[in-house]
Amino acid sequence: MTRSPEFDDLVEGVETEEERDRLRRVHELLVASGPPPELSPALLSSPGAPPAEDEEPDTAWLPPRRLGATLLAGAALAGAAFGAGYIAGNGPDDSPTAAPAAQPARVISLRPSDQNNTSGASIRLGRRGADGNWPMTLTVRGLDHLSRGNYYSLVLTKKGKPVVTCGTFNVSPKGATTVELIAAYDLEGFDAWAITRYDKSTHGDTIVMTETA
Amino acid sequence: MFVLSYSDVSDGELIRMVGSGDRTAFDALYRRYARPVFGLALRRLGDRGRAEDAVQETFASVWRAAGSYKPERGPGAPWLYAVARNAIVDNGRAKREPPVEAPDEVAAEDGPADRAESGWIAWRVHRALAELPERERRVIELAYWGGRSQSEIAELLEIPIGTVKTRTRTGLARLAAVLEDVL
Chain A
1 MTRSPEFDDL
11 VEGVETEEER
21 DRLRRVHELL
31 VASGPPPELS
41 PALLSSPGAP
51 PAEDEEPDTA
61 WLPPRRLGAT
71 LLAGAALAGA
81 AFGAGYIAGN
91 GPDDSPTAAP
101 AAQPARVISL
111 RPSDQNNTSG
121 ASIRLGRRGA
131 DGNWPMTLTV
141 RGLDHLSRGN
151 YYSLVLTKKG
161 KPVVTCGTFN
171 VSPKGATTVE
181 LIAAYDLEGF
191 DAWAITRYDK
201 STHGDTIVMT
211 ETA
Chain B
214 MFVLSYSDVS
224 DGELIRMVGS
234 GDRTAFDALY
244 RRYARPVFGL
254 ALRRLGDRGR
264 AEDAVQETFA
274 SVWRAAGSYK
284 PERGPGAPWL
294 YAVARNAIVD
304 NGRAKREPPV
314 EAPDEVAAED
324 GPADRAESGW
334 IAWRVHRALA
344 ELPERERRVI
354 ELAYWGGRSQ
364 SEIAELLEIP
374 IGTVKTRTRT
384 GLARLAAVLE
394 DVL
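Protein chains in written order, with our numbering: chain A, 1 to 213; chain B, 214 to 396.
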């Protein structure tokens, strides 16, 4: 959790006291509401157009624990379930984001900030989809499994500082972990990739891996 | 209805179009509300996995129920909020694990009315924020949740600090106009 900014530091040059009070109330609402959460990759795109009534509902976008309920609902409500063709990555060339190809457009390696650490990671960056999303597969090894409330983030940095996140993840206690993530940013606007670790006890993020030069 | 862009279509009209089976309108509604729904679910459920489920359940409900939406009974945002809240409550109820032991003290959390109020307001704020021009939203997000001072934002975005201040003030004014009824 970051420190909330002071209204008086943010807003200057407001002509009337009434307008200033109005902006201050917006400021208070922003502070009280907190940040809008980052959507996980599974939610970034719409689940897609629902299938026509004579089509089989495609439940690929639902997590496994929802499949049973969805199939029941689908039987009861023909045509009410969703199609998810492009989420499954099988769409045509002009479809939105697909999974990174076996031959990615670029592979980025990350190394630990702590030189004594033996962890490592690689990002297999796919080609940007027609919808503007970059699909990527992140494989991480050697990081500690984090307890509830803590998490890692893949971020893009500028001048060494994290600017935007491409998603959060945790790792398995043993072996490598692979996750699919998506970025919707213009990558040329950033300097490098990094992985940060969020610590709920301090509400702080620490860079644990950075892109190798 | 032939629509090139949904940006000027009201929430209510979008729901009405979804109700008539318009798949593109459904996508537009999802893009508009996935984040507020996820935010609401996360606040209520406190778990990303369950919040993701709740988002999917919400939009499944929207698709099923959009045909019953009556524009004359009110705008679309409160209708969507009600659908989302019901999906989230159902999700919480279905997956709540029995407590191991009774709490010793009354939790110092908000009551249902307070939570409903704060949930609705956060929903409105996040939705309004999503409508800001990118250049204004960026400086506001960095200032409020990125922990950056205005001079740091100026350096980061490589713009003059005066521009950061102008964008912040303009963005807040835009939000004030959209959120007039909750100020």
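Virtual Cβ for every residue (Gly too), placed ideally from N, Cα, C. All of these numbers come straight from a predicted model, not from anything done at the bench.
Interface residues of chain A facing residue i [CB-CB closer than 9 Å]
i      : result
B:S331 : A32 and S33
B:L392 : R25, V26 and L29
B:I228 : Correct list: empty, because the minimum Cβ distance to chain A is about 15 Å.
Candidates the options, of which the one nearest residue i by Cα
i      : options                           : result
A:I216 : A:G132, A:T210 and A:F7           : Beyond the ends of chain A as shown, which are 1 and 213, falls residue 216 of chain A; an answer cannot be given.
B:H339 : B:P249, B:L242, B:R350 and B:R236 : B:P249
A:R127 : A:S113, A:L187 and A:Y151         : A:L187
B:D240 : B:L258, B:A273 and B:V352         : B:A273
A:R197 : A:L44, A:V155 and A:V31           : A:V155
B:P284 : B:R350, B:T383, B:P346 and B:I228 : B:I228
A:T177 : A:D191, A:D144, A:V14 and A:V163  : A:D144
A:P257 : B:T383, B:V352 and B:T237         : Because residue 257 of chain A is not part of the residues shown, which for chain A are 1 to 213, the question remains open.
A:T137 : A:T16, A:I182, A:L43 and A:R148   : A:I182
B:W358 : A:P41, A:S40 and A:G204           : A:G204
B:A295 : B:G262, B:L342 and B:G332         : B:G332
B:T271 : B:G252, B:R286 and B:L388         : B:G252
A:A42  : B:R350, B:L255 and B:D266         : B:D266
A:G189 : B:V395, B:E371 and B:K378         : B:E371
A:L125 : A:N150, A:E180 and A:D199         : A:E180
A:L30  : B:E368, B:A343, B:E347 and B:L255 : B:A343
A:G142 : A:L10, A:D9 and A:V208            : A:V208
Chain B contact residues for residue i, given Cβ-Cβ distances below 9 Å
i      : result
A:A130 : The premise fails here: A:A130 is roughly 14 Å from chain B at the closest Cβ pair, so nothing lies under 9 Å.
CB contact check: residue i to chain A, cutoff 8 Å
i      : result
B:Y357 : yes
B:A320 : Low per-residue confidence applies at B:A320: pLDDT is 42, beneath 50, and the placement is therefore not dependable enough to give any value.
B:L258 : no
B:A386 : yes
B:V222 : no
B:L345 : no
B:A290 : no
B:L255 : yes
B:A300 : no
B:A389 : yes
B:I334 : yes
B:V338 : yes
Where residue i meets chain B, residues with beta-carbon distance less than 8 Å
i     : result
A:E12 : K378 and R382
Under 7 Å from the C-beta of residue i: neighbouring residues of chain B
i     : result
A:L43 : A247, F251, E265 and V268
Below-8 Å beta-carbon distance, residue i vs any chain B residue
i      : result
A:K158 : yes
A:R106 : no
A:I207 : no
A:V163 : yes
A:S40  : yes
A:S201 : no
A:S4   : yes
A:P36  : yes
A:T118 : no
A:A184 : no
Which residues DSSP lists as bridging residue i, in chain order
i      : result
A:D144 : Per DSSP, none; premise fails for A:D144.
A:R111 : A:T210
B:A290 : Looking at the DSSP assignment, B:A290 forms no beta bridge with any residue, so it has no partner.
A:F169 : A:Y152
A:T178 : A:T139
A:W193 : A:L156
A:G129 : Answer is none; A:G129 lacks a bridge partner.
A:D205 : A:Y198
A:G120 : A:R141
A:V164 : A:L156
B:W333 : Answer by DSSP bridge pairing: none, since B:W333 is not bridged.
A:W134 : A:A183
Contacts that residue i makes with chain A (C-beta to C-beta distance below 8 Å)
i      : result
B:L396 : R22, R25, V26 and L29
B:L369 : K158, K159, K161 and V163
B:A297 : In chain order: nothing, as chain A lies at least about 13 Å away.
7 Å Cβ cut-off: residues of chain A touching residue i
i      : result
B:L342 : P36
B:R261 : S40
task = Write down every uninterrupted run of the alpha helix (DSSP H) in the stretch 221-284 of chain B whose length is 4 residues or greater and which is fully enclosed by it, in chain order.
result = Counting only runs of 4 or more, we get 224-232, 236-258 and 261-278.
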